[in-house]
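**Student:**
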Amino acid sequence: MGITTINLRSAVSDLKKNINTNIEKELRARALKAFADVKLMTPVDTGQARNSWYIGYTEKYFKGKEGSSSNIQILTPKNKPQEIIVTNGVTYIQFLNNGHSKQAPTKFIESAFKKYFDEVTVEVTDG
């Protein structure tokens, strides 16, 4: 008596696709929640820092006088990303994150993302 497998390779392939799709959906959902949280936690004086947040699969920095809330539309599926990048291009964001404003706690960026991710990396670059 033998066991016959029918379309086992196809089923395994479909399962892998479903797993990758579900992982990507979960990653994007968590990133969008953290993105919303960090925007709301950003201290406001002129609104430039809060409006300068960007989320996507590549780095992009705000360079202008007004921010945009349409950045969320950029986060669409693309070749199973390993990371989603959230940036803020204002030159003083690291000072806000270090507690220079009484409106937000020190390390508010990290705390917004640690609610949804085990590992969070904050890098300061020259843009």
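For reference, each letter of the sequence shown is one residue, going 4 to 130 in the numbering used here.
Built from N, CA and C at the ideal position, the CB exists for glycine as well.
Give me the Cα-Cα distance between R53 and E27, rounded to the nearest whole angstrom.
**Tutor:** One-based indexing of the sequence shown puts residue 53 at position 50. One-based indexing of the sequence shown puts residue 27 at position 24. Distance between the alpha carbons of R53 and E27: 26 Å.
**Student:** For the beta strand (DSSP E) containing V89, list its first residue and its last residue.
**Tutor:** Your numbering for residue 89 matches position 86 in the sequence shown. Per DSSP, V89 belongs to the beta strand (DSSP E) from 88 to 91.
**Student:** Under 8 Å: do the segment 89 to 108 and the segment 9 to 19 share three or more Cβ pairs, one atom per stretch?
**Tutor:** Cβ pair count under 8 Å is below three, so no.
**Student:** If I'm right that A115 touches D40 with Cβ under 8 Å, what's the distance once you round it to whole angstroms?
**Tutor:** Position 112 of the sequence shown, counted from the start, is the residue given in the question as residue 115. Position 37 of the sequence shown, counted from the start, is the residue given in the question as residue 40. That pair is a contact at about 4 Å.
**Student:** Going by DSSP in three states, I58 sits in which element: helix, strand or coil?
**Tutor:** Locating residue 58 in the sequence shown gives position 55, counting from the first residue. Note: I58 maps to strand in three-state DSSP.
**Student:** Going by DSSP in three states, D40 sits in which element: helix, strand or coil?
**Tutor:** On the sequence shown, residue 40 is found 37 positions in, with the first residue counted as 1. It is helical.
**Student:** Does Y3 pass the burial test, meaning 16 or more other C-beta atoms within 10 Å, or should it be called exposed?
**Tutor:** The chain is shown only over 4 to 130; residue 3 falls outside these bounds and no answer can be derived.
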